[in-house]
Amino acid sequence: MFVLLLILIAVLFGFGFLHPIWWVAAAVLAYGATRHGRDRGGGRSRGGGSDLGDYRNPWNPRDYRDYRERRDRQDRWDRRYTRQNWARRRREDRRDHEHHR
Numbered sequence: 380m381f382v383l384l385l386i387l388i389a390v391l392f393g394f395g396f397l398h399p400i401w402w403v404a405a406a407v408l409a410y411g412a413t414r415h416g417r418d419r420g421g422g423r424s425r426g427g428g429s430d431l432g433d434y435r436n437p438w439n440p441r442d443y444r445d446y447r448e449r450r451d452r453q454d455r456w457d458r459r460y461t462r463q464n465w466a467r468r469r470r471e472d473r474r475d476h477e478h479h480r
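Residues are numbered in our numbering as their position in the sequence shown, beginning at 1, plus a constant of 379.
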């Protein structure tokens, strides 16, 4: 689909040498395609690391809701594994302390 869109934009750009209105059509099509791609989530990579810095617009309810869900998910993850690590470290310290007596 993306290749067909690029070909269409190139053809419209070529027609622009005949009449400049085709350049406007190509520009509008390219702009619409990039806006549509961003709305579907294609504009940003979903790589590793924290997504908390991905919060964009505080006035857009969808952006804020997504941000809040990611933040809450990260908080749950941190609490769960911090607690487990704390308990494990405490057990290991207790074993080391008993072992050195």
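Positions of the beta carbon are idealized from the N, C-alpha and C atoms, including for glycine. Keep in mind the model is a prediction, meaning the values are calculated, not measured.
| Item | Value |
| --- | --- |
| Pick helix, strand or coil for G395, following the three-state DSSP scheme. | coil |
| By DSSP, does N464 sit in helix, in strand, or in coil? | helix |
| Out of curiosity, what's the CA-to-CA distance linking F381 and D451? | 35 Å |
| Alpha carbon to alpha carbon, how far is A412 from Y446? | 25 Å |
| Express the C-alpha separation of D457 and R473 in angstroms, rounding to a whole number. | 24 Å |
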